[in-house]
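Participant:
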Amino acid sequence: MSTDGALSRSRLLPSLLGILLLLMGLALLAGGIKLSMLGGSLYYLLAGIGLVLTGLLLLAARRAALSLYALVLFASTVWALWEVGLDWWQLVPRLAMLFALGIVLLLPWFRRPLLRGQVSTLGSQALSAAVVIAGVTALASLFTNPGEIKGRLDRDAVPGMTNTAPAMPDGDWNSYGRSAHGDRYSPLAQITPENVSKLVPAWTYRTGDLPGPNDPGETTAENTPLKANGMLYVCTPHSQVIALDPDTGKEIWRFDPKLSTQNAANFKGWAHMTCRGVSYHDDAAYAATEQSPATPDATATAAPASNVCPRRIFLPTADTRLIALDADTGKMCEDFGDKGQVDLRSNIGSFTAGGYYSTSPAAVTRNLVIIGGHVTDNVSIDEPSGVIRAFDVHTGRLVWNWDSGNPDETTPIAEGQVYTRNSPNMWSIFSVDEKLGMLYLPMGNQTPDQWGGDRTPESEEYSAGVTALDIDTGRVRWTFQFTHHDLWDMDVGGQPTLMDLKTADGVKPALLASTKQGSIYVLDRSTGQPIVPIHEVPVPQGAVEGDHTSPTQPMSELHMMPPVLEEHDMWGVTPFDQMLCRIDFKSLRYDGIYTPPSLQGSIVYPGNFGVFDWGGISIDPVRQIAFLNPSYMAFKSKLVPAAEVAGSPGRKSETEGVQPNKGAPYGVILEPMLSPMGLPCQAPAWGYVSAIDLTTNKLIWKHKNGTVRDSAPAPIPLSMGVPSLGGTFTTASGIAFLSGTLDQYLRAYDVKNGKQLWEARLPAGGQTTPMTYTGKDGKQYVLVVAGGHGGLGTKQGDYVLAFKLPD
Numbered sequence: 001m002s003t004d005g006a007l008s009r010s011r012l013l014p015s016l017l018g019i020l021l022l023l024m025g026l027a028l029l030a031g032g033i034k035l036s037m038l039g040g041s042l043y044y045l046l047a048g049i050g051l052v053l054t055g056l057l058l059l060a061a062r063r064a065a066l067s068l069y070a071l072v073l074f075a076s077t078v079w080a081l082w083e084v085g086l087d088w089w090q091l092v093p094r095l096a097m098l099f100a101l102g103i104v105l106l107l108p109w110f111r112r113p114l115l116r117g118q119v120s121t122l123g124s125q126a127l128s129a130a131v132v133i134a135g136v137t138a139l140a141s142l143f144t145n146p147g148e149i150k151g152r153l154d155r156d157a158v159p160g161m162t163n164t165a166p167a168m169p170d171g172d173w174n175s176y177g178r179s180a181h182g183d184r185y186s187p188l189a190q191i192t193p194e195n196v197s198k199l200v201p202a203w204t205y206r207t208g209d210l211p212g213p214n215d216p217g218e219t220t221a222e223n224t225p226l227k228a229n230g231m232l233y234v235c236t237p238h239s240q241v242i243a244l245d246p247d248t249g250k251e252i253w254r255f256d257p258k259l260s261t262q263n264a265a266n267f268k269g270w271a272h273m274t275c276r277g278v279s280y281h282d283d284a285a286y287a288a289t290e291q292s293p294a295t296p297d298a299t300a301t302a303a304p305a306s307n308v309c310p311r312r313i314f315l316p317t318a319d320t321r322l323i324a325l326d327a328d329t330g331k332m333c334e335d336f337g338d339k340g341q342v343d344l345r346s347n348i349g350s351f352t353a354g355g356y357y358s359t360s361p362a363a364v365t366r367n368l369v370i371i372g373g374h375v376t377d378n379v380s381i382d383e384p385s386g387v388i389r390a391f392d393v394h395t396g397r398l399v400w401n402w403d404s405g406n407p408d409e410t411t412p413i414a415e416g417q418v419y420t421r422n423s424p425n426m427w428s429i430f431s432v433d434e435k436l437g438m439l440y441l442p443m444g445n446q447t448p449d450q451w452g453g454d455r456t457p458e459s460e461e462y463s464a465g466v467t468a469l470d471i472d473t474g475r476v477r478w479t480f481q482f483t484h485h486d487l488w489d490m491d492v493g494g495q496p497t498l499m500d501l502k503t504a505d506g507v508k509p510a511l512l513a514s515t516k517q518g519s520i521y522v523l524d525r526s527t528g529q530p531i532v533p534i535h536e537v538p539v540p541q542g543a544v545e546g547d548h549t550s551p552t553q554p555m556s557e558l559h560m561m562p563p564v565l566e567e568h569d570m571w572g573v574t575p576f577d578q579m580l581c582r583i584d585f586k587s588l589r590y591d592g593i594y595t596p597p598s599l600q601g602s603i604v605y606p607g608n609f610g611v612f613d614w615g616g617i618s619i620d621p622v623r624q625i626a627f628l629n630p631s632y633m634a635f636k637s638k639l640v641p642a643a644e645v646a647g648s649p650g651r652k653s654e655t656e657g658v659q660p661n662k663g664a665p666y667g668v669i670l671e672p673m674l675s676p677m678g679l680p681c682q683a684p685a686w687g688y689v690s691a692i693d694l695t696t697n698k699l700i701w702k703h704k705n706g707t708v709r710d711s712a713p714a715p716i717p718l719s720m721g722v723p724s725l726g727g728t729f730t731t732a733s734g735i736a737f738l739s740g741t742l743d744q745y746l747r748a749y750d751v752k753n754g755k756q757l758w759e760a761r762l763p764a765g766g767q768t769t770p771m772t773y774t775g776k777d778g779k780q781y782v783l784v785v786a787g788g789h790g791g792l793g794t795k796q797g798d799y800v801l802a803f804k805l806p807d
């Protein structure tokens, strides 16, 4: 064997590594040049030069490659510490690949051919030191928790404070938010922080309602069942209602409304299909209470108890009906409307199939059932009205209508007339205070979301805030706007939470409204005046031609708004996708929250799912705390001139393709800000659980929540803190539950310190709000619907699961 041949083979591995580093360096160099031209970090350009030169030296079998790579690794470690400090999830993508290649370069098979017989050189010693420094830095970052707050609530109750929500049996869950106050608080205490870890499956029921081939992509199971009348009432995405035995999960009855496609070829015309819940009305419960006071000009009168259906379930369907069912049998109540149903298309005018219906349950009061409607965003400027309609709870007669486009005229509309087209709608869940005689509406905005040049004064007044209506007449009692001239889809998605709040000025009737922008607005629900100060803060300006922006926006002192994004917040699994996210960041317009939409493209942060969405928040009225699950996901929007919309890829969903905004001067491309690997461009954590002391408005604790097990390429349960879509509930024993994270778990937490106490693996995504109840056996159950979410891509299914303590 010749000496030259052996030497050539010994240099093969360093040469291969040299080619790899050369290619990596060229990629970083190309991206680094572009990033530097955008005013971004010079690191990628300099690192690219360093790797290119290292690769060339390796190909030439020069020992200087070791010294140069040591310099690249050491400089990268210093740069990473300067940018993000000891933050494990930010350091790892910056250093892991370079650290691993440094170790490879120190292996004898790679190093010895460069040293030509020498045991060690200054270069190999320098590289060893750089590898050790990078490794120690990464290990040190494991012991830090940036963004987390460790604290503790020391009290079990605030003296004199009680649960003042409408009365019901402790073991029932009669409304979407348990009560019409939307508190999501249960007085049950059988399951405690000490025994919750012993929870076991009690039963599983499958509805049989699975997404079909003709369904919209965003078919979602966002249902929170009710427990009333000795039964559980579940609704499915296709608007079926199922009554179950609460102890066994056995089906008692089922109602299928046989959805109409409304002349669409199939359900693909629907933007999404969901049923968040049904509503329950019991004549006997109202007969046991005093008649609520009516205003002097009330148009509604107390209706007699019905002999046909004394207990009713009200179902909003995806094909635009409101159906009354006998809660005992599941049969339609023949005395309601047209043999059990009201056609909500009346006086609405034309709309695309699926473009108008109620995704959320109706509000029920002593005499009325009141319903709003979802309107598909960003299709055109001529969509159905956002009218709120109140029907007699027994007969289905229209009692009043409130149209934000014609707010002063609440007398039932005449036959043949049409409610104001395109007025702001209310697609979420009402809250009701029958003692005050008020109904609270979390309002959306006038579509299209990102263009507001043609909005009317009425739509500007009532969008993106909370409006209180008189229950009996539908007339406005007060309104408070949370986003002026909303160009960011900042609908108030969560059900307002009503509670009695202890303040320095005494106990006040409060309304807490959680919002996408992260503010939690606390108002006196009788007057609409702020209890927690709200400040008008200057915001970025510069809308596109023909539109404008509000100079200020109202921001609450009580909030979970994230810090303004910086370039170093851009994240990726490798330096390459992180660099591409940085290029994206520097290419888009971003001046902080409320950056106006633009032709260039703008970053929307918090994004369209918001810090808080339809899941809202839950409270403990006795401890006077709020339990929260904030999420942080950046979106980006880009306006597209109308002339270019026709030639663009069509709309696929509300966050895919070009949203046409027909009739407006601009369409819009709206999508999450993701890396090429499909992960968020901004650094984790993306989701937390936290608690706020409502007597001081201080954050008690905040912990990242959830893993990437079900959203990463490999099913590794890395605890990074993931977004959640869905709500929470709390109990008198001091536990909170959440199932809405992107990983498939139902979890329990100690409300005093946020410690996770228990988790159960779910067979599908749990993007809903769980609930709790007492069975006929006297046991406390925790129940969740696990059906997944088509829009989020979580695993879909048809499961209803109950858990309880072992016998």
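The sequence shown stops at residue 807 when you use the UniProt record's numbering, and every number in between is there. Heads up, the beta-carbon is just placed ideally off N, CA and C, and yes, glycines get one too.
Have a look at ASP777 and ASP247 and give me their C-alpha separation to the nearest angstrom.
Facilitator: Stepping through the sequence shown from its first residue, residue 777 is reached at position 777. Stepping through the sequence shown from its first residue, residue 247 is reached at position 247. Those two C-alpha atoms are separated by around 7 Å.
Participant: Per DSSP, which one or two residues make a beta bridge with PRO201?
Facilitator: Position 201 of the sequence shown, counting from 1, holds the residue named residue 201. According to DSSP, which records beta bridges pairwise, PRO201 is partnered with PHE803.
Participant: With DSSP as the reference, label ALA228 as helix, strand or coil.
Facilitator: Indexing the sequence shown from 1 puts residue 228 at position 228. Secondary structure of ALA228 (DSSP, three-state): strand.
Participant: Please name the residue or residues paired with ASN422 in a DSSP beta bridge.
Facilitator: What you label residue 422 is simply residue 422 of the sequence shown in a count that begins at 1. Note: ASN422 sits in no beta bridge, so no partner.
Participant: Nearest-angstrom Cα distance between ASP798 and THR54?
Facilitator: Here the question's residue 798 lines up with position 798 in the sequence shown. Here the question's residue 54 lines up with position 54 in the sequence shown. For ASP798 and THR54, the distance between alpha carbons rounds to 56 Å.
Participant: Between LEU115 and the rest of its own chain, which residues show a CB-CB distance below 8 Å, the 5 nearest in sequence each way excluded?
Facilitator: Taking the first residue of the sequence shown as 1, we reach residue 115 at position 115. ARG63, THR121, SER124, listed in sequence order.
Participant: Where THR299 and ASP256 are concerned, what is the direct C-alpha to C-alpha distance, given to the nearest angstrom?
Facilitator: Your numbering for residue 299 matches position 299 in the sequence shown. Your numbering for residue 256 matches position 256 in the sequence shown. No answer about THR299 holds up, because its pLDDT of 39 lies below 50 and its placement is not dependable.
Participant: Give me the residue from ARG178, ASP156, ASP154, LEU153 with the minimum Cα distance to ALA165.
Facilitator: Mapped onto the sequence shown, residue 165 falls at position 165. The candidate whose alpha carbon is nearest that of ALA165 is ARG178.
Participant: List the residues that DSSP assigns as beta-bridge partners of HIS535.
Facilitator: To locate residue 535, count along the sequence shown from 1; it is residue 535. MET555, per the DSSP bridge assignment.
Participant: Between ASP470, LEU469, HIS484, TYR440, which lies nearest to PRO457 when the distance is taken from Cα to Cα?
Facilitator: On the sequence shown, position 457 is the one that residue 457 refers to. Checking every option, the nearest Cα to that of PRO457 belongs to HIS484.
Participant: Determine the DSSP secondary structure at SER618, reduced to helix, strand or coil.
Facilitator: Counting from one through the sequence shown, the residue named residue 618 turns up at place 618. Here SER618 sits in strand by DSSP.
Participant: For ASN406, list the residues DSSP reports as bridge partners.
Facilitator: Taking the first residue of the sequence shown as position 1, residue 406 is located at position 406. According to DSSP, which records beta bridges pairwise, ASN406 is partnered with ASP403.
Participant: Kindly indicate which three-state DSSP category ASP454 falls into: helix, strand or coil?
Facilitator: What you label residue 454 is simply residue 454 of the sequence shown in a count that begins at 1. If DSSP states are grouped into helix, strand and coil, ASP454 belongs with coil.
Participant: Out of SER637, LYS636, GLN659, LEU12, point me to the one whose CA is closest to GLY647's CA.
Facilitator: For the purposes of this step, residue 647 is taken as residue 647 along the sequence shown, with counting starting at 1. The residue with the shortest Cα to Cα distance from GLY647 is GLN659.
Participant: What is the DSSP secondary structure of GLN291, counted as helix, strand or coil?
Facilitator: By one-based count along the sequence shown, residue 291 stands at place 291. With a pLDDT of only 46 at GLN291, under the threshold of 50, the placement of this residue in the model should not be trusted; the figure read from the coordinates follows. It is coil, neither helix nor strand.
Participant: Sorted by chain position, which residues of the same chain lie with C-beta nearer than 8 Å to CYS333's C-beta, five sequence neighbours on each side aside?
Facilitator: Against the sequence shown, residue 333 aligns to sequence position 333. Hits under 8 Å: SER306, VAL308, CYS309, ARG312, ALA324, LEU325, ASP326, GLY340.
Participant: Please return the same chain residues whose Cβ sits closer than 6 Å to the Cβ of LEU21, not counting the five positions on each side in sequence.
Facilitator: Taking the first residue of the sequence shown as 1, we reach residue 21 at position 21. Take LEU21, set aside five residues on each side of it, and the residues of its chain with a beta-carbon closer than 6 Å to its own are LEU51, THR54, GLY55, in chain order.
Participant: Would you say SER153 and LYS752 are within 8 Å of each other, going by their C-beta atoms?
Facilitator: Residue 153 sits at position 153 when you count from the first residue of the sequence shown. Residue 752 sits at position 752 when you count from the first residue of the sequence shown. According to the sequence shown, residue 153 is Leu rather than Ser. Their beta carbons are under 8 Å apart, which means LEU153 touches LYS752 by this criterion.
Participant: With 16 other CB atoms within 10 Å as the buried threshold, where does VAL136 fall?
Facilitator: The residue you call residue 136 lines up with position 136 of the sequence shown. VAL136 should be labelled exposed.
Participant: Determine the DSSP secondary structure at ARG63, reduced to helix, strand or coil.
Facilitator: Here residue 63 is taken as the residue at index 63 of the sequence shown, counted from 1. Coil, per DSSP.
Participant: Taking only the alpha-carbon atoms, compute the straight-line gap between THR728 and SER526 and give it to the nearest angstrom.
Facilitator: Counting from one through the sequence shown, the residue named residue 728 turns up at place 728. Counting from one through the sequence shown, the residue named residue 526 turns up at place 526. Going from the Cα of THR728 to the Cα of SER526 covers about 26 Å.
Participant: Is it true that the segment 417-425 meets the segment 507-517, where meeting means three or more beta-carbon pairs spaced less than 8 Å apart?
Facilitator: no
Participant: Helix, strand or coil: which one does DSSP assign to ASP433?
Facilitator: Translated into positions along the sequence shown, residue 433 becomes position 433. Strand, per DSSP.
Participant: Note the first and the last residue of the continuous alpha helix (DSSP H) segment covering ALA100.
Facilitator: Looking up residue 100 in the sequence shown gives position 100. Element bounds for ALA100: 88-106.
Participant: Let me confirm a value: LYS508 is counted as buried when at least 16 other C-beta atoms fall within 10 Å, else exposed. Which label applies?
Facilitator: Position 508 of the sequence shown, counting from 1, holds the residue named residue 508. Flag for LYS508 reads buried.
Participant: Tell me whether ASP750 sits in a helix, a strand or coil according to DSSP, three-state version.
Facilitator: Sequence index remark: in the sequence shown, residue 750 carries index 750 (1-based). Correct three-state label for ASP750: strand.
Participant: Given this structure, state the Cα-to-Cα distance separating SER36 from VAL564, to the nearest angstrom.
Facilitator: To locate residue 36, count along the sequence shown from 1; it is residue 36. To locate residue 564, count along the sequence shown from 1; it is residue 564. Their backbone Cα atoms lie some 21 Å apart in a straight line.
Participant: Here's the rule I'm using: 16 or more other beta-carbon atoms within 10 Å means buried, otherwise exposed. How should HIS374 be labelled?
Facilitator: The residue labelled residue 374 in the question sits at position 374 within the sequence shown. HIS374 is buried by the Cβ-count criterion.
Participant: Residues in the same chain with beta-carbon distance under 6 Å from LEU774, minus the five sequence neighbours each way, listed in chain order, please.
Facilitator: On the sequence shown, residue 774 is found 774 positions in, with the first residue counted as 1. Note that residue 774 corresponds to Thr in the displayed sequence, not to Leu. Here the set comprises GLY171, GLN780.
Participant: According to DSSP, which residues form a beta bridge with THR497?
Facilitator: Locating residue 497 in the sequence shown gives position 497, where the first residue counts as 1. Beta-bridge pairing links THR497 to LEU512.
Participant: What is the DSSP secondary structure of residue 808, counted as helix, strand or coil?
Facilitator: Residue 808 lies beyond the range of the chain shown here (1 to 807); nothing can be said about it.
Participant: Near LEU58, which residues of its chain fall below 7 Å by C-beta distance, leaving aside the five closest residues on each side in sequence?
Facilitator: In the sequence shown, the residue the question calls residue 58 occupies position 58. Answer for LEU58: PRO14, SER15, LEU17, GLY18, LEU21, ALA65, listed in chain order.
Participant: Look up ARG589 in the DSSP assignment and say whether it is helix, strand or coil.
Facilitator: Translated into the one-based positions of the sequence shown, residue 589 becomes position 589. In the structure shown, ARG589 sits in a strand (DSSP, three-state: E or B).
Participant: I want to know whether the segment 180-189 touches the segment 425-439 - three or more CB-CB distances under 8 Å.
Facilitator: yes
Participant: Ignore the nearest five residues each way along the sequence and tell me which others in THR219's own chain have a CB closer than 6 Å to its CB.
Facilitator: Residue numbering aside, residue 219 sits at position 219 when the sequence shown is read from its first letter. Within the same chain, THR219 has close Cβ partners PRO211, PRO237, MET273, GLY790.
Participant: Taking its Cβ as the centre, do 16 or more other Cβ atoms sit within 10 Å of THR204, making it buried, or is it exposed?
Facilitator: The count along the sequence shown starts at 1 and reaches residue 204 at position 204. With fewer than 16 Cβ atoms within 10 Å of its Cβ, THR204 is classed as exposed.
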